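In order, the protein sequences belong to chains A and B. Residue numbering for the first sequence is 1 to 314, as defined by full-length UniProt numbering. Residue numbering for the second sequence is 1 to 314, as defined by full-length UniProt numbering. The structure under discussion appears below in the form of structure tokens.
Number of protein chains: 2
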Amino acid sequence: MTQKLTILDIAKLSGVGKSTVSRVLTNDPKVKPETREKVEQVIRDSGYVPSKSAQAMRGGSAKVVGIILSRLDSPSENKAVSGILEVIYQAGYDAVIMESQFSTEKTNEHLAVLQKRNVDGVIVFGFSGCDLTAIESLKHKAVVIAVDTDRISSVGYDNHGIIELAMNHFLHQGKRFVSYVGVDPSDKTTGLMRLNAYKECCQQAGIEPCYQTGQLSHESAYQLTDDVVQPETQAIVCASDTLAMGVAKRLQELGRSDIQVSGVGATDLLSFIFPNTFSIDPGYFKAGHASANLLIKQLSGQQTITHLTQQASL
Amino acid sequence: MTQKLTILDIAKLSGVGKSTVSRVLTNDPKVKPETREKVEQVIRDSGYVPSKSAQAMRGGSAKVVGIILSRLDSPSENKAVSGILEVIYQAGYDAVIMESQFSTEKTNEHLAVLQKRNVDGVIVFGFSGCDLTAIESLKHKAVVIAVDTDRISSVGYDNHGIIELAMNHFLHQGKRFVSYVGVDPSDKTTGLMRLNAYKECCQQAGIEPCYQTGQLSHESAYQLTDDVVQPETQAIVCASDTLAMGVAKRLQELGRSDIQVSGVGATDLLSFIFPNTFSIDPGYFKAGHASANLLIKQLSGQQTITHLTQQASL
DNA sequence: CTGTTAGCGCTTTCAG
DNA sequence: CTGAAAGCGCTAACAG
């Protein structure tokens, strides 16, 4: 906020031409080290700051990636965003973040704004029913998270593996009566895929499935609990930590401290409050890393459309 | 991502001069409605998108505000950011968001990057021990949240009122033994100010204070609980929901369901899990709104340095 | 009201 | 290796 120094000022100050300064700025190797040193010194002393706007306009790249997430206060998404930020910032990019609020319309509006801003690429968090057509036209300049597509790069969570991990944990303990509380299958990923994973695990283990699905809220899970609790029930696998919270709460009321509960999300709060629980980490943070790395590689042409699946862990 | 249409193409296509197109773009009133209509039509048909980079460079304003928060996964901060986003997006600005991770150094780095990007203004979430000097030089182009300064606009939370609200709630119920669990007073706002508010409330009500402070974590509060629980204790006021969670958990174990607990943060999870609790809402979302509105007014010169205090509510 | 003319600050040929 | 010159796409006087 001091002055408005331009590249020309620096050129004069260091007794070289505009272009030489520019070369220093762009790390052009064909500058005599001596000259470079001198110019860099002047830049440092003067506190000169090259204008990104001008660079963006000239060079075409604004060094910005757009991130569209559904909600800022989604714990899973903001963990992933932290991962993204870490990577892109490292690579000299900045992020402009927008909330889709689960609306395809808003998503597209945001996308339009981002294009207008000349962003280098975008990372979009998918949601159930989101329309990918607009994103697909971005081809290698986009990566989507948590949703299926062939036509564009994606980083998905291993919904099957997540549930399998929880199931196996219980199965290995010799438990045979494991119920499930999930969300409505109209939600492709958290709903349908995780439910199916549960069913398959049951089949493979030869145990009788017992499950209920509803909304993604504590209250919903709380209410559903009674329907999946039998006298013999030994554990309940939940599609998310939020759900697990509701289930554990209800179990506590029912005095069923014998029933173990698992959730998804790696919330430390869950096991803090309810001792008899654990949470599977779908790897949100790492997925953020992965998607950002993928995008950056694609932008530099080192990589084409790819599909990654984030491994879950306990 | 279709073509690279420029203002000149639009000019030719609609048979007018560059500047007329520019005037249409900038909503300059001195354009014949007829002409404007024609140009707008062409713009729409061609799918032309003006380059923000060029506009930013020329006009000086990139229509971007920078937001520096401490952590993306801080519930209070991301509620506030949602509020900010709503307002600035409405006003045609976009946001580039960065995490300071409670480091003054990172904050300053981010600030530098934002300046380089020619952002119109910044909103910074303060943290204990953050250094405001760099921000102060931004004068009317900055607003800080949750921290004290005279030299720059700020939106603060009513730390005193927050605790007072909780205390009064209990006092009105005739309770006389109200303890407090907070965070270390080395933290100015959440620590010191809230603790002082508690002490003052006690004094005014003529009751004996009983409190402990520690870290801002469930565990810390959990461990501190025993120290503030006496046989006669009727309620415990906590400096945050996180703390309240730890306290309520410990009380549950102690079988003290008679003790009411209050937190700060409006987390629905708290009262869902522990019935005998309630939470004060410091007004995070509204503070976001307020700070964004303030910044925008300042940027347009309609407002000078101002200090706002967000009212809390139950 | 509208076209013409300058640049904004920077990168990039193109000649030295 | 380095300077001069030509724009990038747009806005803002300046003349019509």
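We treat Cβ as the ideally placed atom computed from N, Cα and C, and that holds for glycine. What you are looking at is a predicted structure, and each value in this text was computed from that prediction instead of being measured.
Give a yes or no on whether the minimum CB-CB distance between B/GLN215 and chain A is below 8 Å.
Within the second sequence, numbered from 1, the residue matching residue 215 of chain B stands at position 215. Taking Cβ atoms only, chain A never reaches closer than 8 Å to B/GLN215, which makes this a no.
Answer yes or no: do B/ILE213 and B/PRO185 have a C-beta to C-beta separation smaller than 8 Å?
Working through the second sequence from its first residue, we reach residue 213 of chain B at position 213. Working through the second sequence from its first residue, we reach residue 185 of chain B at position 185. One point to set straight first is that residue 213 of chain B is Thr, not Ile, in the sequence displayed. Yes, these two residues count as a Cβ contact at 8 Å.
Closer than 6 Å by C-beta to B/LYS38: which residues in its own chain qualify, once you throw out the five before and the five after it? Chain order, please.
For the purposes of this step, residue 38 of chain B is identified with residue 38 of the second sequence, where counting begins at 1. Answer for B/LYS38: SER14, listed in chain order.
Below 8 Å on the Cβ atoms is my contact criterion, and I expect A/ASP94 with A/LYS141 to pass it. Report the Cβ-Cβ distance as a whole number of Å.
Against the first sequence, residue 94 of chain A aligns to sequence position 94. Against the first sequence, residue 141 of chain A aligns to sequence position 141. Not quite, the Cβ-Cβ distance comes to about 16 Å (not below 8 Å), so this is no contact.
Buried or exposed: where does A/GLY255 fall if 16 or more other Cβ atoms within 10 Å of its Cβ makes it buried?
As a first step, residue 255 of chain A is located in the first sequence; it is residue number 255 there, counting from the start. Exposed is the call here.
What runs of the beta strand (DSSP E), each 3 residues or longer, lie entirely inside the stretch 184 to 260 of chain B?
The stretch 184 to 260 of chain B contains these whole beta strand (DSSP E) runs: 211 to 214 and 235 to 238.
Indicate whether at least one CB of chain B lies closer than 8 Å to the CB of A/ASP94.
The count along the first sequence starts at 1 and reaches residue 94 of chain A at position 94. Yes, contact with chain B.
Report yes if the CB atom of B/ILE10 is closer than 8 Å to the CB atom of B/VAL42, and no otherwise.
Position 10 of the second sequence holds residue 10 of chain B. Position 42 of the second sequence holds residue 42 of chain B. Taking 8 Å as the Cβ cut-off, B/ILE10 and B/VAL42 qualify as a contacting pair.
Evaluate A/LEU132 with the Cβ neighbour count: other Cβ atoms within 10 Å of its Cβ, from every protein chain shown; 16 or more gives buried, anything less gives exposed.
Numbered from its first residue, the first sequence carries residue 132 of chain A at position 132. It counts as buried.
Output the distance between the C-alpha atoms of B/MET1 and A/GLY47, rounded to the nearest integer angstrom.
Within the second sequence, residue 1 of chain B is the residue found at index 1, counting from 1. Within the first sequence, residue 47 of chain A is the residue found at index 47, counting from 1. Note that B/MET1 scores 45 on pLDDT, short of 50, meaning its location in the model is unreliable and no value can be drawn from it.
Residues bridged to B/MET98 by DSSP?
Counted from its first residue, the second sequence places residue 98 of chain B at position 98. BP columns for B/MET98 point to B/ILE68.
So for B/VAL81, helix, strand or coil by DSSP?
On the second sequence, position 81 is the one that residue 81 of chain B refers to. B/VAL81 falls in the helix class under three-state DSSP.
Should B/ARG194 be labelled buried (16 or more other beta-carbon atoms within 10 Å of its own) or exposed?
In the second sequence, the residue the question calls residue 194 of chain B occupies position 194. Buried, since its Cβ has 16 or more Cβ neighbours within 10 Å.
Can you give the Cα-Cα distance for A/VAL178 and A/VAL229, rounded to whole angstroms?
If you number the first sequence from 1, residue 178 of chain A lands on position 178. If you number the first sequence from 1, residue 229 of chain A lands on position 229. One C-alpha to the other measures close to 9 Å.
Please state whether the Cβ-Cβ distance between A/VAL155 and A/LEU308 is less than 8 Å.
The residue you call residue 155 of chain A lines up with position 155 of the first sequence. The residue you call residue 308 of chain A lines up with position 308 of the first sequence. Closer than 8 Å, so yes.
Leaving out five residues on either side along the sequence, give the residues of the same chain with a beta carbon under 6 Å from the beta carbon of B/GLY66.
Residue mapping note: residue 66 of chain B aligns to position 66 of the second sequence, counting from 1. The residues are VAL96, LEU114, VAL119 and VAL122.
What did DSSP end up calling A/ALA162 once you bin it into helix, strand or coil?
Within the first sequence, the letter at position 162 stands for residue 162 of chain A. Checking the displayed sequence, the identity of residue 162 of chain A turns out to be Ile instead of Ala. Helix, per DSSP.
Is any beta-carbon of chain B found at less than 8 Å from that of A/ARG78?
As a working mapping, residue 78 of chain A is identified with position 78 in the first sequence. For clarity, residue 78 of chain A is Asn in the given sequence; the question names Arg instead. Yes, A/ASN78 counts as interfacial toward chain B.
Buried or exposed: which applies to residue 315 of chain A, given that a residue is buried once 16 or more other Cβ atoms fall within 10 Å of its Cβ?
Any answer about residue 315 of chain A is impossible in this case: the structure gives chain A only from 1 up to 314.
In angstroms with no decimal places, state the Cα-to-Cα distance between B/ALA56 and A/SER53.
Against the second sequence, residue 56 of chain B aligns to sequence position 56. Against the first sequence, residue 53 of chain A aligns to sequence position 53. Spanning the two alpha carbons is a distance of roughly 6 Å.
According to DSSP, A/ASP120 sits in a beta bridge with which residue or residues?
As a working mapping, residue 120 of chain A is identified with position 120 in the first sequence. Paired residue(s): none; A/ASP120 is not in a bridge.
Please tell me whether B/GLN310 has its Cβ less than 8 Å away from any Cβ of chain A.
Residue mapping note: residue 310 of chain B aligns to position 310 of the second sequence, counting from 1. False, the Cβ-Cβ gap to chain A never drops below 8 Å.
In three-state terms, what does DSSP make of A/THR309?
Here the question's residue 309 of chain A lines up with position 309 in the first sequence. Three-state result, A/THR309: strand.
Report the residues of the stretch 286 to 313 of chain B with a CB closer than 7 Å to any CB of chain A, ordered along the chain.
If the cut-off is 7 Å between Cβ atoms, the stretch 286 to 313 of chain B has nothing near chain A.
What does a CB cutoff of less than 8 Å around B/THR277 pick up in its chain, not counting 5 residues either side in sequence?
Within the second sequence, residue 277 of chain B is the residue found at index 277, counting from 1. If we look at B/THR277 and ignore the five residues flanking it on each side, its Cβ neighbours are ALA244, ALA248, GLN260, VAL261, SER262, GLY263, LEU270 and SER271.
So is B/ILE97 in contact with chain A if we call contact Cβ pairs under 8 Å?
As a working note, residue 97 of chain B is residue 97 in the second sequence. True, the Cβ-Cβ gap to chain A drops below 8 Å.
Is it buried or exposed, B/ASP241, if we count other Cβ atoms within 10 angstroms and call 16 or more buried?
Taking the second sequence and counting its residues from 1, the one referred to as residue 241 of chain B is at position 241. It counts as buried.
DSSP has A/ILE145 in a bridge; who is on the other side?
Against the first sequence, residue 145 of chain A aligns to sequence position 145. Looking at the DSSP assignment, A/ILE145 forms a beta bridge with A/PHE125 and A/VAL155.
Kindly indicate which residue of A/GLN234, A/GLN298, A/TYR284 and A/SER19 has the alpha-carbon position closest to the one of A/GLN173.
The residue given as residue 173 of chain A occupies position 173 in the first sequence. Among A/GLN234, A/GLN298, A/TYR284 and A/SER19, the Cα nearest to that of A/GLN173 is on A/GLN234.
Answer yes or no: do A/GLU109 and A/LEU72 have a C-beta to C-beta separation smaller than 8 Å?
Translated into positions along the first sequence, residue 109 of chain A becomes position 109. Translated into positions along the first sequence, residue 72 of chain A becomes position 72. Not a contact, by the Cβ cut-off of 8 Å.
Can you give me the Cβ contacts of B/LEU294 inside the same chain, cut-off strictly under 7 Å, excluding the 5 residues immediately before and after it?
Numbered from its first residue, the second sequence carries residue 294 of chain B at position 294. Correct list, in chain order: VAL143, SER153, VAL155, GLN303, THR306 and LEU308.
Which stretch, first to last residue, makes up the beta strand (DSSP E) that contains A/PHE278?
Stepping through the first sequence from its first residue, residue 278 of chain A is reached at position 278. First-last of the beta strand (DSSP E) with A/PHE278: 277 to 280.
So, at 6 Å on beta carbons, what are the nonlocal neighbours of A/CYS202 in its own chain, with the 5 sequence-adjacent residues on each side left out?
Taking the first residue of the first sequence as 1, we reach residue 202 of chain A at position 202. For A/CYS202, where only same-chain residues beyond five positions count, the Cβ hits under 6 Å are PRO209.
Run the proximity test for A/LEU314: is its beta-carbon closer than 7 Å to any non-hydrogen atom belonging to the ligand FMN?
As far as ligands go, the structure on display features none, and thus does not contain the ligand FMN.
Counting only Cβ-Cβ distances shorter than 8 Å, please list the residues of the UniProt domain "HTH lacI-type" (5 to 59) of chain A near chain B, keeping chain order.
Taking 8 Å as the Cβ-Cβ cut-off against chain B, the residues of the UniProt domain "HTH lacI-type" (5 to 59) of chain A that qualify are VAL49, PRO50, SER51, LYS52, SER53, ALA54, ALA56 and MET57.
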